[in-house]
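Structure record follows, encoded as structure tokens.
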Amino acid sequence: MFLFVLCLFSGAGQKLWAQETLLEGKSPISTQAPVDFTADSLEHDKSGQVITAKGNVELVQAGYILKADKMTYNTGTDTVRAIGNVVLSHPEGDTYFADEFELKNQMKDGFVRGLHGLMADGSRFWAGEGERIAGMKIVMKEAAYTPCEPCKEDPSRPPVWQLRAGEVTHDKEEARIEYRDARFEAFGVPVAYTPYFAHPDGSVKRKSGFLVPSLVFDSYLGTGYAQEYYWDIAPDKDATIGALVSTDVNPVLNGEYRQRFENAEIKLNGSATYSDRTDRVSGREKAKDDSGRGHFFADGRWEINEKWRSGLRVEVASDDQYMNQYDISNEDVLESEVNVERFSGRDYAVARVMAFQDIRISERQVDQPAVLPEVEARFLGDPNQALGGRWSLGVSALGLQRGTDDQDMTRGTLEGGWRRRFVHASGLVSRLDLTARGDAYNVRDRDVATVGSGRNGKSSALRGFAQGHLQSSYPVVKNFEEAQFVVEPLAALTMGTDVNVSDRIPNEDSQDVYLDSLKLFEPNRFPGYDRVEDRGRATYGLRTGLYGDQGYYGEIFFGQSRRFDKKNNPFPEGSGLSDQDSDYVGQLSLGLGDYANLDYSFQLENANLASQRHEVDLQTSTGPLSTSTQYFYVNALKGTSLSESREQVRTSAHLRLHKNWAVGGSVRYDLGEDEGLRAASYGIDYIGQCVTLSAIAERTLTSDSSGDSDTKIMFRLGLKNLGEFETSGVSLGQSDE
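Read the sequence shown against the working numbering and you will find it ends at 737, with the numbers running on by one and no gaps.
Quick look at the structure:
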């Protein structure tokens with residue numbers, strides 16, 4: 001904690017030693033650096049060994065200024081002394097004051113009395129006396145530090161907080177700082193005390209030792225103590241080993257290992273315990289006998305060369321509730337992946353294998369497949385290289401592997417394309433896209449209910465598809481004195497080959513279809529590869545906006561598409577694209593500078609303008625109050641994973657009550673079929689000159705990762721220049737409501 005004090009004392013000593021040798025005409029810093037020296041008088045004793053400067057002594061070199069009432073230099077004993085109103089100013093803005101200091105024996109030994117300093121950031125420190133021993137150890141007694149400004153009404157009042165120690169020792173050889181009788185004071189009152197502790201100094205980035213412990217308060221774990229030990233194995237590797245001991249569960253061991261190689265790095269993280277547990281599944285409790293529990297994470301990266309890179313990620317947990325119960329992670333699905341990537345100019349390729357572990361309690365996805373493998377490659381030609389346009393080539397391969405009796409699939413895709421942009425002298429802007437694509441599928445263990453009784457559970461299919469897409473817009477601009485008004489009609493013609501939807505081709509990655517103002521003009525509005533939008537359609541829309549020179553703007557878009565064929569529509573009901581005429585989509589955007597920003601997007605049914613999707617994002621800021629509100633509504637899509645409508649609103653606000661006080665809160669409320677509050681949080685902050693305090697209360701209902709409701713209170717303390725300290729969250733209990 002007093003690291004900066006010791007470093008500055010040491011640094012000040014080095015500068016002072018450099019400057020006292022200037023009295024001899026020597027400088028170990030730089031013989032080229034100019035030196036300004038002033039004093040009322042300069043004397044030599046009869047022996048010629050003692051040089052004395054008196055009265056307003058001042059040395060200036062390279063931005064450093066040393067002042068004193070009197071300064072002596074004994075060439076025989078190699079001793080320099082500065083006495084009375086000693087002031088050393090650094091060019092960075094730091095200033096140090098002392099009653100007296102002495103350095104001798106080529107600066108290896110020395111002392112200072114009445115030391116105090118004022119840092120450029122306003123921090124202050126004091127020390128009754130300090131001693132330098134053999135050039136390797138500095139001992140400071142009755143030391144104190146605070147970054148808090150003194151009270152303007154009464155500067156003698158104790159600061160908001162300060163650190164004090166009876167003795168602080170800096171051992172340079174061990175790169176270690178030791179504290180004895182150290183205490184933390186708030187408003188002059190000791191609130192924390194330790195007879196001894198130590199930590200590495202700033203000369204080393206890492207050093208083995210115990211880390212700061214933490215206390216745990218949790219309704220599942222009980223009251224606990226967590227301690228970790230950091231092991232500096234070598235410059236390229238380290239490890240952290242720890243344990244959690246608590247009242248309600250068996251001890252938990254945890255560890256982390258990190259290593260860097262010349263072109264690679266890896267990090268391993270895990271924990272383990274042996275305990276029984278009670279799982280809550282959809283509100284029902286189920287007891288489990290003693291068993292090994294834990295988790296293992298791994299992250300790695302290998303920079304093979306300038307074009308190739310490989311990565312590794314492993315996430316595994318022993319059971320669904322371990323991560324949540326032991327407050328390790330809030331992830332709902334753990335992902336493991338091994339990949340290799342290639343970068344070359346505009347070209348990119350990646351190959352990966354992936355596995356998933358779903359640890360959600362509610363809405364469990366029981367058929368999470370393993371990806372064995374996935375390959376994606378994209379190659380892009382130079383502009384104007386092919387017939388004035390740019391060619392593209394894409395290659396994709398995917399293998400999905402599920403359980404023994406569940407559906408597996410292998411897919412390969414090859415796609416070629418060409419794009420060119422045209423700008424007519426009249427102002428018409430057009431873009432032409434031509435694509436041709438081929439897919440090959442092999443499916444195994446298909447569901448009998450899907451393929452029909454008596455049919456084989458295996459199937460193979462080939463599919464070819466070609467498409468042309470021409471999109472044009474004609475922006476018209478009207479300039480005003482401080483704004484610009486734009487009207488831009490848009491239209492697109494899309495023609496594709498006829499592709500019959502076959503039950504031999506499963507729909508793995510094209511299920512979640514949605515429609516918005518950006519998706520409306522896409523050539524293929526299906527996500528993924530398994531479904532394509534064939535045949536022909538026309539798309540049309542209008543975008544208009546007013547854009548002010550001061551950053552204010554308003555913009556509106558409205559559009560629709562129409563298929564040329566009434567039958568054989570590949571889109572599912574409820575997607576907004578299942579009829580010949582698509583649903584209407586639009587977007588309204590307003591920007592009022594720093595005061596407010598609104599984005600509203602919507603989807604309306606084509607027949608009766610009934611709402612299918614609404615999304616609102618509103619941000620406001622007026623003086624001390626800022627708010628944020630998000631609302632969305634999505635209608636159910638039959639035949640997809642979105643089997644029921646979803647409607648939710650989330651709002652948050654932050655109010656500065658005073659220059660030092662602020663309050664805030666957020667609420668997430670479900671307006672759908674299972675209506676109710678989902679989460680709420682409230683907090684209060686104190687923001688001082690040298691300290692920040694925060695208290696946050698969070699209420700979470702029916703978490704997917706636990707199946708429980710929980711209320712937690714967290715406290716956060718920030719101390720200027722020391723860092724931030726916070727509790728892991730005091731849990732007030734769980735319920736299965």
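Note that CB positions come from ideal geometry on N, CA and C, so glycine has one too.
Is DSSP giving residue i helix, strand or coil here?
| i | result |
| --- | --- |
| Q407 | coil |
| F187 | coil |
| K54 | strand |
| K712 | strand |
| K566 | coil |
| Y179 | strand |
| P195 | strand |
| F521 | helix |
| K478 | strand |
| I684 | strand |
| M136 | coil |
| G574 | coil |
| I304 | coil |
| Q357 | strand |
| H424 | coil |
| I505 | coil |
| T247 | coil |
| G166 | strand |
Could you check which residue in the options has the C-alpha nearest to that of residue i?
| i | options | result |
| --- | --- | --- |
| R650 | Y633, R656, W661 and V663 | Y633 |
| T435 | T497, K458 and G427 | T497 |
| N254 | I266, A243, D248 and I83 | A243 |
| Q259 | W302, D583, L221 and H199 | W302 |
| W308 | G345, S502, R176 and G76 | G345 |
| N105 | L88, F125 and V80 | V80 |
| I359 | Y326, E376 and Y322 | Y322 |
| K54 | A62, E43 and G63 | E43 |
| S329 | G294, V340 and L717 | G294 |
| G300 | N263, D332, K288 and D276 | N263 |
| Q61 | L88, V314 and G76 | L88 |
| L489 | L334, D509, V501 and S430 | Looking at the sequence provided, one finds Pro at residue 489 rather than Leu. Of L334, D509, V501 and S430, the residue nearest in Cα terms is S430. |
| Q630 | G536, V667, A491 and N305 | V667 |
| K566 | F557, D581 and P572 | D581 |
| R716 | V691, E337, G576 and L701 | V691 |
| T194 | I51, L701, E149 and R180 | R180 |
| S47 | T72, A68, G76 and L66 | G76 |
| G188 | W161, S203 and Y196 | W161 |
| P251 | K267, S271 and D238 | S271 |
| L598 | S578, F485, E605 and T627 | T627 |
| P570 | Y600, A610, R525 and Y257 | R525 |
| T72 | A82, G63 and Y64 | A82 |
Span of the alpha helix (DSSP H) holding residue i?
| i | result |
| --- | --- |
| Q325 | Y322 to Q325 |
Assuming residue i and residue j make a contact with CB atoms under 8 Å, what is their CB distance in whole Å?
| i | j | result |
| --- | --- | --- |
| L770 | V443 | In the structure as shown, the chain starts at 1 and stops at 737, and residue 770 therefore has no counterpart that could be examined. |
| Q560 | Y584 | 5 Å |
| V245 | Y225 | 5 Å |
| M495 | G468 | 5 Å |
| R183 | R164 | 5 Å |
| D290 | Y274 | 6 Å |
| L671 | P624 | That belief does not hold up - the Cβ atoms of L671 and P624 are roughly 30 Å apart, past 8 Å. |
| F558 | G545 | Contact doesn't hold; Cβ gap of about 12 Å is too wide. |
| L380 | D347 | 7 Å |
| N339 | S310 | 7 Å |
Note the first and the last residue of the continuous beta strand (DSSP E) segment covering residue i.
| i | result |
| --- | --- |
| H116 | D109 to L118 |
| K67 | Y64 to N74 |
| M495 | A483 to G496 |
| G468 | S459 to S473 |
| R535 | Run containing R535: none; DSSP gives neither H nor E here. |
| Q630 | L625 to V634 |
| H658 | Neither: H658 is in no beta strand (DSSP E) and is coded neither H nor E. |
| T38 | V35 to T38 |
| L42 | S41 to H44 |
From the beta carbon of residue i, is the nearest beta carbon of chain B less than 8 Å away?
| i | result |
| --- | --- |
| E337 | Structure shown: chain B not included; a single protein chain is present. |
Notebook entry, point to check: Does the stretch 83 to 94 come close enough to the stretch 109 to 127 to have 3 or more Cβ pairs within less than 8 Å?
Noted result: A contact between stretches requires three or more CB pairs, one per stretch, nearer than 8 Å, and the stretch 83 to 94 meets this requirement with the stretch 109 to 127.
Next item on the list: Taking 8 Å as the threshold, find out whether the stretch 161 to 168 comes into contact with the stretch 136 to 150 through three or more Cβ pairs.
Entry: Taking 8 Å as the limit for Cβ pairs, the verdict is that the stretch 136 to 150 does touch the stretch 161 to 168.
Check: Taking one C-beta from the stretch 542 to 553 and one from the stretch 578 to 595 each time, how about it: are there three or more such pairs within less than 8 Å?
Finding: The stretch 542 to 553 is in contact with the stretch 578 to 595.
Check: Below 8 Å, can you find three or more Cβ-Cβ pairs linking the stretch 379 to 389 to the stretch 402 to 417?
Finding: With the cut-off at 8 Å, the stretch 379 to 389 and the stretch 402 to 417 do not touch.
Next item on the list: Could you say if the stretch 493 to 512 and the stretch 521 to 540 meet the contact criterion of at least three C-beta pairs nearer than 8 Å?
Entry: The stretch 493 to 512 is in contact with the stretch 521 to 540.
Checklist line | Contact the stretch 515 to 522 vs the stretch 455 to 467: 3+ CB pairs below 8 Å | finding: By the C-beta criterion, the stretch 515 to 522 is judged not to be in contact with the stretch 455 to 467, since fewer than 3 inter-stretch pairs fall below 8 Å.
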